[in-house]
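Colleague: Have a look at this one.
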Amino acid sequence: NAIPTAEFAACQIVLANKGYFQASHLVKTDSYSAGKKHFNTFPGNYNIKIGILGAGMVGSHVIRLLKAMNINAEILVFDPFLSDERSAELGVRKTSLEEKFATCQTISNHLANNEATKGMLNKKHFDLMLDNATFINTGRGQQVVEVDLIAALKEKPSRTAVLDVTYPEPPLPDSEFYKLPNVVLTPHMAGSSGKEVIRMSSYAVIELEKWLQGKPLSYEVTLKMLETMA
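Every position in the sequence shown, counted from 1, becomes a number in my numbering once 4 is added.
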């Protein structure tokens, strides 16, 4: 399930850095020239800073996909469990949450889902977001203090939120997420769907065969690992 989620997030990052989400909305609701004007305020994907929150199965694959694009981006990662050795292997720089929100064009959330991360992303982070910055969440809605995110989006309408998850899910009928033009909502669709499910079953069968033969597993998940997995 990590693979399609990472593919979904990486594609959103690339689109966000081009100003796609608001530009496409402006073309339909305002004018072609308004969309073009908005697009021209964005830096594109080359030689920029991208923030990744969480470098587990999903986050690390997002990093690999971005690296494969040869966009020369500096990727900043927040993950308390990421070792210096693993950071060097991924070719990323570990930083604080604050630095990511204050300096990155796009921030994508893949934090582990546990008690420690509930409400972790709040006003002090969202208020730091750059003009034209985008926050992407394919992780968990509970990690975001949504009233703080909404306030930051209203304060600077050039900011964008692309949310595949919310809390509650779906958002309440009167949620401002439905009304704000700089919010893109999708129905928790980043994970495996359609033919992508075949890949999960194939991996499960391969792992079972390895286990029955006493061979090392490629995707073993231990109880300890569950504490830090998204």
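Think of the CB as a built atom: it goes at the ideal place given N, C-alpha and C, for glycine as much as any other residue.
Give the secondary structure of valine 209 by DSSP, where H, G and I count as helix, E and B as strand, and everything else as coil.
Modeller: Mapped onto the sequence shown, residue 209 falls at position 205. Valine 209 falls in the helix class under three-state DSSP.
Colleague: By DSSP's criteria, threonine 110 is part of a beta bridge. Which residues make up the other side?
Modeller: Along the sequence shown, one-based indexing puts residue 110 at 106. Ile54 and Thr138, per the DSSP bridge assignment.
Colleague: Return the Cβ separation of alanine 10 and leucine 69 in integer angstroms, given the expectation that the two are a contact with Cβ distance under 8 Å.
Modeller: Sequence index remark: in the sequence shown, residue 10 carries index 6 (1-based). Sequence index remark: in the sequence shown, residue 69 carries index 65 (1-based). Yes, alanine 10 and leucine 69 are in contact; Cβ-Cβ is about 6 Å, under 8 Å.
Colleague: By how many angstroms is the C-alpha of serine 206 removed from the C-alpha of isoleucine 54?
Modeller: Along the sequence shown, read from residue 1 onward, the residue named residue 54 stands at position 50. Along the sequence shown, read from residue 1 onward, the residue named residue 206 stands at position 202. In a straight line, the C-alpha of isoleucine 54 is about 33 Å away from that of serine 206.
Colleague: Considering only the alpha carbon of each residue, which of Tyr36, Phe82 and Ile75 lies closest to isoleucine 17?
Modeller: Here residue 17 refers to the residue found at position 13 when the sequence shown is read from its first residue. Checked all of Tyr36, Phe82 and Ile75; the closest Cα to isoleucine 17 is Ile75.
Colleague: So if DSSP puts arginine 144 in a beta bridge, which residue, or which two residues, is it bridged to?
Modeller: For the purposes of this step, residue 144 is taken as residue 140 along the sequence shown, with counting starting at 1. In DSSP, arginine 144 forms no bridge with anything.
Colleague: Counting only the same chain and skipping the five closest in sequence on each side, list residues whose C-beta sits under 7 Å from that of valine 169.
Modeller: Here residue 169 refers to the residue found at position 165 of the sequence shown. Correct list, in chain order: Asn141, Thr142, Gly143, Arg144, Gly145 and His192.
Colleague: CB leucine 167 to CB valine 188, shorter than 8 Å?
Modeller: Taking the sequence shown and counting its residues from 1, one reaches residue 167 at position 163. Taking the sequence shown and counting its residues from 1, one reaches residue 188 at position 184. Their beta carbons are under 8 Å apart, which means leucine 167 touches valine 188 by this criterion.
Colleague: Distance, Cα to Cα, arginine 97 vs threonine 121?
Modeller: What you label residue 97 is simply residue 93 of the sequence shown in a count that begins at 1. What you label residue 121 is simply residue 117 of the sequence shown in a count that begins at 1. Each residue's Cα considered, the two are about 21 Å apart.
Colleague: Taking isoleucine 108 and leucine 86 to be in contact with their CB atoms under 8 Å, please state how far apart those CB atoms are, rounded to whole angstroms.
Modeller: Here residue 108 refers to the residue found at position 104 when the sequence shown is read from its first residue. Here residue 86 refers to the residue found at position 82 when the sequence shown is read from its first residue. Rather than isoleucine, the amino acid found at residue 108 in this sequence is cysteine. Contact doesn't hold; Cβ gap of about 17 Å is too wide.
Colleague: Alpha carbon to alpha carbon, how far is alanine 194 from proline 84?
Modeller: Working through the sequence shown from its first residue, we reach residue 194 at position 190. Working through the sequence shown from its first residue, we reach residue 84 at position 80. So the two alpha carbons sit approximately 24 Å from each other.
Colleague: Within 10 angstroms of its Cβ, does asparagine 113 collect 16 or more other Cβ (buried), or is it exposed?
Modeller: Walking along the sequence shown from the start, residue 113 turns up at place 109. So asparagine 113 counts as buried.
Colleague: Measure the alpha-carbon distance for proline 174 versus threonine 164 and round it to whole angstroms.
Modeller: Counting from 1 along the sequence shown, the entry for residue 174 is found at position 170. Counting from 1 along the sequence shown, the entry for residue 164 is found at position 160. When rounded, the distance between both Cα atoms is 19 Å.
Colleague: Does DSSP classify phenylalanine 46 as helix, strand or coil?
Modeller: Looking up residue 46 in the sequence shown gives position 42. Three-state result, phenylalanine 46: coil.
Colleague: With distance defined between alpha-carbon atoms, name the residue in Lys214, Ala6 and Val225 nearest to valine 66.
Modeller: Within the sequence shown, numbered from 1, the residue matching residue 66 stands at position 62. Out of Lys214, Ala6 and Val225, Ala6 has the C-alpha closest to the C-alpha of valine 66.
Colleague: For a quick check, are the C-beta atoms of leucine 132 and alanine 106 less than 8 Å apart?
Modeller: Along the sequence shown, read from residue 1 onward, the residue named residue 132 stands at position 128. Along the sequence shown, read from residue 1 onward, the residue named residue 106 stands at position 102. Taking 8 Å as the Cβ cut-off, leucine 132 and alanine 106 qualify as a contacting pair.
Colleague: Report the rounded CA-to-CA distance for threonine 190 versus threonine 45, giving the unit in angstroms.
Modeller: Mapped onto the sequence shown, residue 190 falls at position 186. Mapped onto the sequence shown, residue 45 falls at position 41. Going by the C-alpha atoms only, they are around 25 Å apart.
Colleague: In terms of residue numbering, what span does the alpha helix (DSSP H) encompassing leucine 19 cover?
Modeller: As a first step, residue 19 must be located in the sequence shown, where it is residue number 15. That run of the alpha helix (DSSP H) goes 6-20.
Colleague: Just curious, the beta strand (DSSP E) that threonine 190 is in, first and last residue?
Modeller: The sequence position of residue 190 within the sequence shown is 186, counting from 1. Where threonine 190 is concerned, there is no enclosing beta strand (DSSP E), given that its DSSP letter is neither H nor E.
Colleague: Should valine 209 be labelled buried (16 or more other beta-carbon atoms within 10 Å of its own) or exposed?
Modeller: Residue 209 sits at position 205 when you count from the first residue of the sequence shown. Classification for valine 209: exposed.
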